[in-house]
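Shown next, in structure tokens, is the structure this report addresses.
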Amino acid sequence: MAITIACNLLAALLDGFAIALLIPFLNILFHQPSTSLKSGWVAKLLNATVGSQIIPGDEMRSLRNVILLVMASVLLKNLLVWIAGQFGATLQEFVTRDLRNAVYRHLAHLPLGYFTQMKAGQILSRVINDTYETRLILTQIVTQSL
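Read the sequence shown against numbering that gives the first Met the number 0 and you will find it ends at 145, with the numbers running on by one and no gaps.
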């Protein structure tokens, strides 16, 4: 769960960074001076990461470097989203397994009279469908709380 949350947070930060990289991209594209951002944490971040990649007088090379940074940022963000999805799916399957095991233990302790009143198909359907619905609800609650 912690890995999923960490990957999602890093992916969100990289998404914001990729959008912030549009500033130097557009500055180079429209021949604006690269010093148009002078203050603020965004300017400091961009100067620290992109400042060395912008070559004065060589706009095409600078543009290529910024585009490569944008592509790398988006690629890394998508990789983190995929990793978070994989860990999230594994977590969902573990929750489903634990719920079904708990229901099975409960059914094993019920008296035989219960099974004469209920059909086997009904019991099996409720075990499978109810645990699936519970997994969906729990997943929705966790994802909406983030």
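Glycine included, each C-beta is placed from N, C-alpha and C at the ideal position.
{"Asked": "Relative to the alpha-carbon of Leu45, which residue among Tyr113, Ala17 and His30 has its alpha-carbon at the smallest distance?", "Found": "Ala17"}
{"Asked": "Where do the N-terminal and C-terminal ends of the alpha helix (DSSP H) with Ser72 fall, by residue?", "Found": "Glu58 to Ala107"}
{"Asked": "Here's the rule I'm using: 16 or more other beta-carbon atoms within 10 Å means buried, otherwise exposed. How should Ser51 be labelled?", "Found": "exposed"}
{"Asked": "What's the gap between the Cα of Ile66 and the Cα of Phe24?", "Found": "7 Å"}
{"Asked": "Per DSSP, what kind of secondary structure is Gln29 in: helix, strand or coil?", "Found": "The sequence as given places Phe at residue 29; Gln does not occur at that position. Three-state result, Phe29: coil."}
{"Asked": "By Cβ distance below 6 Å, which residues in the same chain neighbour Leu106 in space, the five residues on each side in sequence not counted?", "Found": "none"}
{"Asked": "Which residues in the same chain have their Cβ closer than 6 Å to the Cβ of Phe86, if we skip the five residues on either side of it in sequence?", "Found": "Ile2 and Thr3"}
{"Asked": "Have a look at Leu98 and Ala5 and give me their C-alpha separation to the nearest angstrom.", "Found": "26 Å"}
{"Asked": "Measuring only the C-alpha atoms, how far is Leu111 from Val141?", "Found": "38 Å"}
{"Asked": "Which residue marks the beginning of the alpha helix (DSSP H) containing Leu20, and which one marks its end?", "Found": "Element bounds for Leu20: n/a, residue is neither H nor E."}
{"Asked": "So for Ile140, helix, strand or coil by DSSP?", "Found": "helix"}
{"Asked": "Start and end of the alpha helix (DSSP H) containing Gly116?", "Found": "The residue asked about is misnamed: residue 116 is Gln in this sequence, not Gly. First-last of the alpha helix (DSSP H) with Gln116: Leu111 to Gln116."}
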